[in-house]
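Novice:
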Amino acid sequence: MDEFEAQFDATIAADQRVEPRDWMPEAYRRTLIRQIAQHAHSEIIGMQPEGNWILRAPSLRRKSILLAKVQDEAGHGMYLYAAAETLGVDREELTEKLIDGKQKYSSIFNYPTLSYADIGVIGWLVDGAAICNQVPLCRCSYGPYARAMIRICKEESFHQRQGYELLLAMVNGTDRQREMVQESVNRFWWPSLMMFGPPDDDSPNSAQSMEWGIKRHTNDELRQRFVDMSVPQAKALGVTFPDPELVWNEERQAHDYGEPDWDEFKAVIAGSGPANAQRVAHRRRAHENGAWVREAARAYAEKQDARKAV
Ligand code: ACO
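The sequence shown runs 1 to 310 under the numbering used here.
1) In angstroms, rounded to a whole number, what distance separates the CA positions of Leu94 and Tyr105?
2) So, for Asn249: in the same chain, excluding its five sequence neighbours on each side, which residues have a beta-carbon less than 7 Å away from its beta-carbon?
3) Near Ser184, which residues of its chain fall below 7 Å by C-beta distance, leaving aside the five closest residues on each side in sequence?
4) When you compare only the Cα positions, how much space is there between Arg61 and Ala169?
5) In its own chain, which residues sit with a C-beta less than 7 Å from the C-beta of Leu32, not counting the 5 before and 5 after it?
6) Short of 6 Å in beta carbon distance, which residues of its chain neighbour Met194, apart from the five on each side in sequence? Order them along the chain.
7) Going by DSSP, which residues form a beta bridge with Asp256?
8) Taking the straight line between their C-alpha atoms, what separation do you get for Asp201 and Phe188?
9) In the DSSP assignment, find the alpha helix (DSSP H) that holds Thr122 and state where it starts and stops.
10) Taking 7 Å as the cut-off, is the CB of Val126 close to at least one heavy atom of the ligand ACO?
11) Please report how far the alpha carbon of Glu179 lies from the alpha carbon of Gln224, in whole angstroms.
12) So, are the CB atoms of Tyr79 and Ala148 less than 8 Å apart?
13) Could you name the residues that DSSP lists as bridge partners for Val18?
14) Could you work out which residue in Trp53, Ala84, Ala83 and Glu288 is closest to Lys69 when comparing CA atoms only?
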């Protein structure tokens, strides 16, 4: 083992942060690029299902809340691409990989938003799951990712609360509104559980990522935490989860729950979910339509540089 590797191992063992200029094993760098890029893409693609409802939000107040939330997701994507760039990749290259289907984004965003109740349920369950998964990432061993996550988590917890507040308004409304909320929960519950990734015994990256302090908990640990956190919230809203096996286990002091459909999960991450083709095509169109903006920004920067050089 050389001196650099020993220094890296000591940093991880002491639970300190690895910074961009520090030496790091190539596999550590590759794992971080994979995870951070996938995370950034999820934030950007995640704007689409909610963006679908901006024009149809039922009041000016709801519209401005949704608009602000979708803008926040764009900001999260930007911090995360910036964190990935500290590892020596370029965001243009990452975007190309996303639209060519070579890099993944979260499975959850491949499900359509069919009713306005989905906006509340996404805030409550999807952002709730995201927070559960992401709070431990604030202690990730890679400094720029950990620091980006602090701000992102603060904003995500605000998103979660706005979703819950929207649902509270709906469940205190008419029977039709209560039905809409329940119908949306029925569609989003299982895909939300899948956000945490495959079960631990089928998660090829977990062990190494935990050893490096990139991940702090396994996929199943976080999924369990999310189930336990969501059950009392569902009770308060007066909705149920579509899982007949969901029951409190006194001995484990945790809820038992049914098995998500892992074949569906695999199909969705392989590109055949209900909205994969639409999401990627939309992202590709936006990227191509924005080519003139990137070109103009580049030309302006070159002009500024030339002026400075004179
Ligand atoms: N959606 C899409 N792909 C997934 C998902 C998911 N929900 N869960 C796991 N995968 C992929 C992994 O990326 C990996 O594929 P790859 O090796 O080709 O990259 C494969 O399935 C096997 O999974 P794991 O070995 O468990 O992968 P990993 O250790 O990376 O754990 C996890 C997956 C938990 C999602 C992790 O990457 C993570 O915590 N990422 C950061 C959070 C994030 O990306 N959130 C995005 C959604 S939340 C939001 O934006 C609102």
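We put the beta carbon where it would ideally sit given N, CA and C, even for glycine. Just so you know, these numbers come straight off a predicted model, no measurement behind them.
Specialist: On the basis of the coordinates in this document:
1) Numbered from its first residue, the sequence shown carries residue 94 at position 94. Numbered from its first residue, the sequence shown carries residue 105 at position 105. Rounded to the nearest angstrom, the two C-alpha atoms are 12 Å apart.
2) Taking the sequence shown and counting its residues from 1, one reaches residue 249 at position 249. Excluding residues within five positions, the ones whose Cβ falls inside 7 Å are His255 and Asp256.
3) In the sequence shown, the residue the question calls residue 184 occupies position 184. So the qualifying residues of the chain are Ser115, Ala117, Asp118 and Val121.
4) As a first step, residue 61 must be located in the sequence shown, where it is residue number 61. As a first step, residue 169 must be located in the sequence shown, where it is residue number 169. If you take the alpha carbons of Arg61 and Ala169, they lie about 13 Å apart.
5) Sequence index remark: in the sequence shown, residue 32 carries index 32 (1-based). Correct list, in chain order: Leu87, Tyr142, Tyr145 and Ile214.
6) Residue numbering aside, residue 194 sits at position 194 when the sequence shown is read from its first letter. The beta carbon of Met194 is closer than 6 Å to those of Ser107, Pro260 and Phe265 in its chain, skipping five residues each way along the sequence.
7) Numbered from 1 along the sequence shown, position 256 holds the residue referred to as residue 256. DSSP, once it has assigned bridges, lists Val247 as partnering Asp256.
8) One-based indexing of the sequence shown puts residue 201 at position 201. One-based indexing of the sequence shown puts residue 188 at position 188. Cα to Cα, the separation comes out at about 24 Å.
9) As a working note, residue 122 is residue 122 in the sequence shown. Reading off the sequence, residue 122 comes out as Ile, not Thr. Unbroken run through Ile122: none, as it is neither H nor E.
10) Position 126 of the sequence shown, counted from the start, is the residue given in the question as residue 126. The nearest non-hydrogen atom of the ligand ACO is less than 7 Å from the C-beta of Val126.
11) Numbered from its first residue, the sequence shown carries residue 179 at position 179. Numbered from its first residue, the sequence shown carries residue 224 at position 224. Computed Cα separation, rounded: 27 Å.
12) To locate residue 79, count along the sequence shown from 1; it is residue 79. To locate residue 148, count along the sequence shown from 1; it is residue 148. It is a contact, given that the beta carbons lie within the stated cut-off.
13) One-based indexing of the sequence shown puts residue 18 at position 18. According to DSSP, which records beta bridges pairwise, Val18 is partnered with Tyr142.
14) Taking the sequence shown and counting its residues from 1, the one referred to as residue 69 is at position 69. Of the candidates Trp53, Ala84, Ala83 and Glu288, the one whose C-alpha sits nearest the C-alpha of Lys69 is Trp53.
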